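The structure appears right after this line, and notes come after that.
Numbering (the working numbering), first residue to last: 14 to 188.
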């Protein structure tokens, strides 16, 4: 059941294998372990995908794909989970990670009004990059690990639930 649920939302492996941005991975992208879906690969993919989603860098999907190859976890799931941060959710998520970074570094949160100009953007980014990236790393690791644990627990619960259901059906057939 858990495998069917996850596979329903995964992109097609052929689409990902044919992606021109992933050519740098070469023949490693054809490794069967990157496409196999089991408890370990799904949980590891959740960690990689959520971690990469919280890092404010361009080309998060490429980074998630490279990390999936390195950690040999499910590639489509890792790449798909990066879309937790999309253009709609990105401002709120990165503001939260900025606040986490400010809390850790004991730095006051910037309350200056934002101007849309290259100079203003450069000055503001130079001031907030440390708390933003620290908060993003800490939040990414914590939420990635939480996703890893939850998938492992959910998968285990699902297997035990299916065993019990099977045993009940067997007992009902015998009686």
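Ideal Cβ placement from N, Cα and C applies to all residues, glycine included. Since the model is a prediction, treat every value here as computed from it, not as a measurement.
Cut-off 7 Å between Cβ atoms - residues of its own chain near residue i, not counting five sequence neighbours on either side
{"i": "residue 122", "result": "112, 115"}
Beta-carbon separation (whole angstroms), residue i vs residue j, contact threshold 8 Å
{"i": "residue 118", "j": "residue 143", "result": "7 Å"}
{"i": "residue 89", "j": "residue 145", "result": "Their Cβ separation, rounded to whole angstroms, is 29 Å, which puts residue 89 and residue 145 out of contact at 8 Å."}
{"i": "residue 157", "j": "residue 110", "result": "Rounded, the Cβ-Cβ distance is 13 Å, inconsistent with contact."}
{"i": "residue 42", "j": "residue 67", "result": "That belief does not hold up - the Cβ atoms of residue 42 and residue 67 are roughly 24 Å apart, past 8 Å."}
Cβ-Cβ distance between residue i and residue j below 7 Å
{"i": "residue 77", "j": "residue 86", "result": "no"}
{"i": "residue 63", "j": "residue 160", "result": "yes"}
{"i": "residue 79", "j": "residue 91", "result": "no"}
{"i": "residue 164", "j": "residue 56", "result": "yes"}
{"i": "residue 101", "j": "residue 74", "result": "no"}
First and last residue of the uninterrupted alpha helix (DSSP H) at residue i
{"i": "residue 86", "result": "Careful: residue 86 lies outside any alpha helix (DSSP H) and carries neither H nor E."}
{"i": "residue 113", "result": "103 to 118"}
{"i": "residue 56", "result": "52 to 66"}
Other residues of its chain near residue i: CB distance less than 8 Å, five sequence neighbours each side excluded
{"i": "residue 169", "result": "52"}
{"i": "residue 141", "result": "111, 123"}
Residue-level contact to chain C via CB, residue i, 7 Å cutoff
{"i": "residue 184", "result": "Absent from the structure: chain C. Only one protein chain is present."}
Chain-order list of residues whose beta-carbon lies under 6 Å from that of residue i (same chain, five-residue window excluded)
{"i": "residue 2", "result": "Residue 2 lies beyond the stretch modelled for the chain, which goes from 14 to 188, so this question has no answer here."}
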